[in-house]
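Asks:
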Amino acid sequence: MSGPSDYQPSNPALQWIERRLPIIGLVHSSFVVYPTPRNLNYWWTFGAILSFMLGMQILTGVVLAMHYTPHADLAFKSVELIVRDVNYGWLLRNMHACGASMFFFAVYVHMLRGLYYGSYKEPREVLWILGVIIYLLMMATGFMGYVLPWGQMSFWGATVITNLFSAIPYVGESIVTLLWGGYSVGNPTLNRFFSLHYLLPFLIAGVVVLHVWALHVAGQNNPDGVEPKTEKDTVPFTPHATIKDGFGVACFLLLYAWFIFYMPNYLGDADNYIPANPGVTPPHIVPEWYYLPFYAILRSIPNKLAGVIGMFSAIIILCFLPWLDAAKTRSSKYRPLAKQFFWIFVAVCILLGYLGAQPPEGIYVIAGRVLTVCYFAYFLIGLPLLSRIETPRPVPNSISEAILAKGGKAVASVAIALVAAGALFLGSLQDARASEGSERPPGNKWSFSGPFGKYDRGALQRGLKVYKEVCSSCHGLSYIAFRNLAEAGGPGYSVAQAAAFASDYKVKDGPNDAGDMFERPGRPADYFPSPFPNEQAARAANGGAAPPDLSLITKARSYGRGFPWFIFDFFTQYQEQGPDYVAAVLQGFEDKVPEGVTIPEGSYYNKYFPGHAIKMPKPLSDGQVTYDDGSPTTVAQYSKDVTTFLMWTAEPHMEARKRLGFQVFVFLIIFAGLMYFTKKKVWSDSH
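Heads up: the sequence shown is residues 313 to 999, going by my numbering.
(1) Taking only runs that begin and end inside the region 413-490, name each unbroken alpha helix (DSSP H) of 4 or more residues, in chain order.
(2) So alanine 771 packs on threonine 866, CB below 8 angstroms; how close in whole Å?
(3) Does DSSP put glutamate 831 in a helix, in a strand, or in coil?
(4) Among the residues of its own chain, which have a CB less than 6 angstroms from the CB of phenylalanine 571, if the five just before and after it don't count?
(5) Could you tell me whether the Cβ atoms of tyrosine 400 and valine 391 are closer together than 9 angstroms?
(6) Can you tell me the Cα-Cα spacing of aspartate 768 and tryptophan 468, whole angstroms?
(7) Buried or exposed for arginine 869, please, with buried defined as at least 16 other CB atoms from any protein chain shown within 10 angstroms of its CB.
(8) Inspect the beta-carbon positions of lysine 952 and asparagine 756 and report whether they are closer than 9 angstroms.
(9) When the Cα of proline 891 is compared with those of Leu511, Trp758 and Thr546, which residue comes out closest?
(10) So, using beta-carbon positions, are glycine 856 and lysine 930 closer together than 9 angstroms?
(11) Which complete beta strand (DSSP E) runs does the region 870-905 hold, if anything under 3 residues is left out?
(12) Spell out a yes or no on whether the region 638-648 and the region 696-710 are touching, meaning 3 or more CB-CB pairs, one atom from each, closer than 8 angstroms.
(13) Tell me where the alpha helix (DSSP H) around proline 845 begins and ends.
(14) Taking the alpha-carbon positions, what's the glycine 765 to tyrosine 319 distance?
(15) In whole angstroms, what is the alpha-carbon distance linking methionine 365 and tryptophan 356?
(16) When burial is assigned at 16 or more other CB atoms within 10 Å of the CB, is leucine 376 buried or exposed?
(17) What's the call for phenylalanine 737, buried or exposed, on a 16-neighbour Cβ count within 10 Å?
(18) Please report the residue range of the alpha helix (DSSP H) in which proline 696 lies.
(19) Report all residues from its chain with a CB closer than 7 angstroms to the CB of valine 897; omit the five preceding and five following residues, and keep chain order.
(20) Between the Cα of tyrosine 839 and those of Phe417, Phe989, Lys818 and Val978, spot the shortest distance and give me the residue it belongs to.
(21) Between the Cα of phenylalanine 957 and those of Tyr603, Ile792, Thr593 and Leu663, spot the shortest distance and give me the residue it belongs to.
(22) In terms of residue numbering, what span does the beta strand (DSSP E) encompassing lysine 818 cover?
(23) Do you know how far the Cα of alanine 858 is from the Cα of glutamine 1001?
(24) What residues in its chain sit with their C-beta under 8 angstroms from that of arginine 388, if we drop five residues either side in the sequence?
(25) If you run the structure through DSSP and keep just helix, strand and coil, what is valine 520?
(26) Please work out which residues of its chain come closer than 8 angstroms, Cβ to Cβ, to histidine 965, disregarding the five sequence neighbours upstream and downstream, and give them in chain order.
(27) Just how far apart, CA to CA, sit proline 876 and glutamate 600?
(28) Less than 6 angstroms between C-beta atoms, sequence neighbours within five positions excluded: which residues of the same chain meet that for aspartate 861?
(29) Check whether the Cβ atoms of valine 937 and glutamate 781 lie closer than 9 angstroms to each other.
(30) On the three-state DSSP scale, how would you describe tyrosine 607?
(31) Less than 9 angstroms between the beta carbons of valine 620 and alanine 479, yes or no?
Given below as structure tokens:
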């Protein structure tokens, strides 16, 4: 990638290989002695971070694919079984799911850095265009991966996004039918998306190779935007850039690990823990946070075809950036007006992302249209105009003459912008469905919250008793096996106690030798049996509403905490909106319906349930379940205990996750410190 190399290994075996396949020389010239501008700042480490994340996504994706079942009836369950039954399956799933968000976060920083420092200008036009192609492939890969868990938001997201292609004249309907594999989103769609999601990362890796090749041919840009002229302007890639990149990757891994071990659901949607149901449309369908700005552009244009064109144009226009900006000065560091317009553009993107998560109504639509105009005006009007009227500050003649400023202001500005972007994106994604039209559930103090939180064994055992005596008559626990009761991190029963508990249940089995189904006592390997043979029977017995399975209920329910709590939640690791909501609903029944509120016949009033009308009658009352340990037999205590138990059913490996997370954090902090001091030593003579 860097041209011919005169490197010759000293080992005879390596010499033999090098004469026939000079790959060692290629690596040496490209990643060892390759001249790197000595003034690169830490924003350039995101290239290495992206390479690391791509490798991580491919590795975890391949392993997950070994256990995943791409079938509409089995996909959701297969993902849950990966998390629960595969050794460290929860870790693989969290790494892959959170890794997608970290990948896009890093690529946005990488693109904004290139935009700010003019890395798209001649002679790096092909390098920039290849980067845009990688970004498009990433968007397609991320969308298809989001569909694979086959939850509610996955299913309806696939339905909405693929329907956009129907706006294309003449061939749109055929394209949609091809994507779906039929006339609606279903099993063929899932198989297509799984195949493409598996294939595209390898295509991305191939384009990344071309991207790195183009980088080594054209040379790296730098904060001052001047080309290296002498050896004083550069340093060898190894060890200087590799050590600096290693420190940057180590710091990034701390953020990555924060989500993997302590906030795995913070970036997701609670609806995706509900199995896909074509008959129930979520109230507010939104894509993942990294698509929100383009989703806002799509919705801001009233015409469907024009909206699709606008959405894709917002990305394709990046390919023409080298010709839209004709300014001779590359870096915005020396262009005061361009710098101001750049930060305005960043603010526009942040606000578009916020609007993309809001309902498409009222002021949100008007603001979306204004910001869409601002987005395209930056490229089509702002940059071309600035290149003609702006007078840049003098640019240094060479890198060695440039003052190697610390860039504190720039770093602080970018950091503030990124924090604001994350706050708006993540805050807007807080699921408000559980609180729409109802009171906000009160917060609770849970034993399992925080980085060192653990399940209260007594609460788990009491909650299991409440479930068995009250909840099990209507609700199943289809993802929990009796053997799980004796596993580490659970209620703390012995294997014998779990077996005795299982034997109290009758499990349908068969057929026997006569071809008949029969009932037998439960075994530890059996899963909690459903109280109804099928969904139709469940609906018939409950006034037309099927009681949900409770295995994932605390992760499938949430509520919006609003500003600024969602920011505090990130730092305090508060993710207990689901348990708060479940406990509140159990205690929110009122016999007297407030004035002005009307509920349908056969429903019950609950002040915390969305719409207040719930089909389930009040399940708990004081003294209903007897506790052997002397705990209060009140509705409040029952609610807290059964919610704690249901949190365990949703997150049986939570304690192991947090314990491993602490060990990983200690290692990463030590590793980052060692890398930092090594970097200072390596660079001490270069500054």
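Glycine included, every Cβ here is placed at the ideal spot set by N, Cα and C.
Replies: Let's see:
(1) Scanning the region 413-490 from its first residue to its last, the whole alpha helix (DSSP H) runs of 4-plus residues come out as 437-459 and 464-475.
(2) Not a contact, Cβ separation roughly 13 angstroms.
(3) It is a strand residue.
(4) Take phenylalanine 571, set aside five residues on each side of it, and the residues of its chain with a beta-carbon closer than 6 angstroms to its own are Cys410, in chain order.
(5) Going by C-beta atoms, tyrosine 400 is not nearer than 9 angstroms to valine 391.
(6) Using only the alpha carbons, I get a separation of about 37 angstroms.
(7) Arginine 869 is classed as buried because its beta carbon has at least 16 other beta carbons within 10 Å across all chains shown.
(8) Cβ atoms of lysine 952 and asparagine 756: closer than 9 angstroms.
(9) Nearest of Leu511, Trp758 and Thr546 to proline 891, Cα basis: Trp758.
(10) No; because the gap between Cβ atoms is not below 9 angstroms, this pair is not in contact.
(11) Runs of the beta strand (DSSP E) inside the region 870-905: none found.
(12) Result yes; three or more Cβ-Cβ pairs closer than 8 angstroms.
(13) No alpha helix (DSSP H) contains proline 845, which DSSP labels as neither H nor E.
(14) Glycine 765 and tyrosine 319 have their C-alpha atoms spaced approximately 55 angstroms apart.
(15) The alpha-carbon atoms of methionine 365 and tryptophan 356 are separated by roughly 15 angstroms.
(16) Leucine 376 is buried by the Cβ-count criterion.
(17) Note on phenylalanine 737: pLDDT 49, under 50, position unreliable in the model; the coordinate value appears next. So phenylalanine 737 counts as buried.
(18) Residues 695-701.
(19) Hits under 7 angstroms: Asn918, Tyr920 and Phe921.
(20) Nearest of Phe417, Phe989, Lys818 and Val978 to tyrosine 839, Cα basis: Lys818.
(21) Nearest to phenylalanine 957 by alpha-carbon distance, out of Tyr603, Ile792, Thr593 and Leu663, is Ile792.
(22) Segment 818-821, the beta strand (DSSP E) holding lysine 818.
(23) What is shown of the chain runs 313 to 999, which leaves residue 1001 out entirely.
(24) The amino acid occupying residue 388 in the given sequence is phenylalanine; arginine does not appear at that position. Counting only Cβ-Cβ distances below 8 angstroms, and skipping sequence neighbours, we find Pro461, Trp462, Gly463, Pro587 and Ala588.
(25) Three-state result, valine 520: helix.
(26) Same-chain partners within the cutoff: Val395, Arg396, Trp402 and Gly801.
(27) Near 21 angstroms, if we compare the C-alpha coordinates of glutamate 600 and proline 876.
(28) Counting only Cβ-Cβ distances below 6 angstroms, and skipping sequence neighbours, we find Gly788 and Ser790.
(29) Closer than 9 angstroms, so yes.
(30) DSSP places tyrosine 607 in helix when its eight states are reduced to three.
(31) Yes. Within cutoff.
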